[in-house]
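Here is the structure we will look at.
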Amino acid sequence: MDFVNVLIVPNPFKNALSAEAAGKAMKEGIIAYDPNAEVEMIPMADGGDGSLKLLIEPLGADLMSSVVLDPIGRKIHAQWGFNLETRTAIIELAEASGTRLLKSNELDPFKAHTFGTGELINEALAKGAQTIYLTVGGSATLDGGFGILKALGTDFLDKSGHAVAVRQLADLSLVAALNFDRLRRNLNQVNIEVLVDVENTLCGNEGAVRIYGPQKGVQPHQIQVFEDIIQHWGNLLSAASNQNIFGLVGGGASGGVPAAMAACHTQVTLHMGALFLINLLKIPEKILDVNFILTCEGKIDNQTSYGKGPGVIAKLAHDQKVACIGLCGQLGADYDAKTSFFHAVFPINKRLLSPALAMERTASNLRYLAGQIYALMLLKPPEVADEGIT
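With positions in the sequence shown counted from 1, the corresponding number in our numbering is that position plus 1324.
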């Protein structure tokens, strides 16, 4: 093999590197081994962190900024996108309701809400948006999306039909019915395209609480408490919309936001965010022209196959008989190489490091390992000295 044509499709490393920075490091590692290497890098997202930045250019939008509430009620400046000519808005949930906005000791799934994301949608409506791309993923919340619905005008009612003040998750137990009339007048004929980052449903063993609750601060002894509340919320959504919300694929993303959106408005369409962005960026046709693909994410585990960007890339590559190699900060204990579409997966940390040190060295370790993989695929020694894994 005289040369190798490589496609790098990086996802962000949460709290460590953006997709662009991760891809840049991997590309540098390959070029260090072969300055003449054919390498194309296309940053990716799956509906979570970084989705706004990826959608801005293809949709011709301008970057906007609005003051909204973060997941625990503090005022922040959140960015979003808007194309005045096409009346198209881009709202990234993580901008207003994301984990990245909180310190680890501020995670509180009982109190965290998505109200700020609803405020961003209201900003888009005030500008005259007719189509809204809502990307969900990377949330700090497990509120079932009640915060968004509250901001958009949903009325929460008790058994007597009186209004209930819903400020946090536990308040949902007081709600007996939902009224979407005001919300639907506000949304009117607006189309909402929801880009989800996972395929999980709202409830159950593969639902929002059991799979993603722990990373949002839910303790093991609290799992059933949250499951019961979200089950009740799902019943309310199903009754108000006259549809079964529980079977909605992707409905459990970001603590149940897609389920709430699908229930409240008839002009809502759910898309797997990774596949939507992959097609928008024309990645499938690029796969046909490469020898192998490198992708990456902070953690690769069993959930990667549930709609996460690297998992979708690996499946597309597998279908085209192209090797896809995954790099990650952490390889989950439940990762099964036998059922995975990855050709191989490598953790980038050679030594046991503290989380802070591991994040600090993410770029250098990606750079080194990408070069090593390229050398292995090419079966030739490096043309320059490498810096080694740290």
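We put the CB at the ideal spot given by N, CA and C, even for glycine. None of the values given here were measured: they were computed from a predicted structure.
Buried or exposed: which applies to P1634, given that a residue is buried once 16 or more other Cβ atoms fall within 10 Å of its Cβ?
buried
Go through its chain and collect everything with a Cβ distance to A1413's Cβ below 6 Å, but skip five positions before and after it.
F1406, A1448, A1453, I1456
Beta-carbon proximity list for A1682, same chain, < 7 Å, skipping 5 on both sides
G1653, N1673
If you draw a straight line from the C-alpha of M1325 to the C-alpha of Y1692, how long is it?
Residue placement at M1325 cannot be trusted, given a pLDDT of 48 that sits under 50; what the coordinates show is reported in the next sentence. If I take the Cα positions, the gap works out to 22 Å.
Rounded straight-line distance, which links the Cα of G1571 to that of V1669:
32 Å
Sequence-distant residues of its chain with Cβ nearer than 6 Å to T1441 (five each side left out)
L1417, A1420, S1421, I1472
Locate the alpha helix (DSSP H) running through S1562, then write down its first and last residues.
1547 to 1565
Strictly by DSSP, which residues pair up with F1337?
L1341
For V1330 and V1614, believed in contact at Cβ under 8 Å, the rounded distance:
6 Å
What are the residues that DSSP puts in a beta bridge with M1365?
I1332
Rounded Cβ spacing between F1504 and T1465 (contact assumed at less than 8 Å):
The Cβ separation is near 20 Å, so there is no contact.
Return yes when the Cβ of G1695 is within less than 7 Å of the Cβ of I1354, no when it is not.
yes
Euclidean distance between Cα positions of N1360 and H1589:
53 Å
Which of helix, strand or coil DSSP assigns to D1479:
strand
Below 8 Å, can you find three or more Cβ-Cβ pairs linking the segment 1541 to 1557 to the segment 1492 to 1499?
yes
Taking only the alpha-carbon atoms, compute the straight-line gap between D1386 and K1483 and give it to the nearest angstrom.
45 Å
Closest by CA to F1438, which one among A1402, L1408, A1661?
It should be pointed out that residue 1438 corresponds to Thr in this sequence rather than to Phe. The option with the nearest alpha carbon to T1438 is A1402.
Integer-rounded CB distance, given that D1521 should sit under 8 Å from A1577:
6 Å
Are the segment 1504 to 1516 and the segment 1622 to 1638 touching, with three or more C-beta to C-beta distances below 8 Å?
no
Reducing DSSP to helix, strand and coil, say where D1521 ends up.
coil
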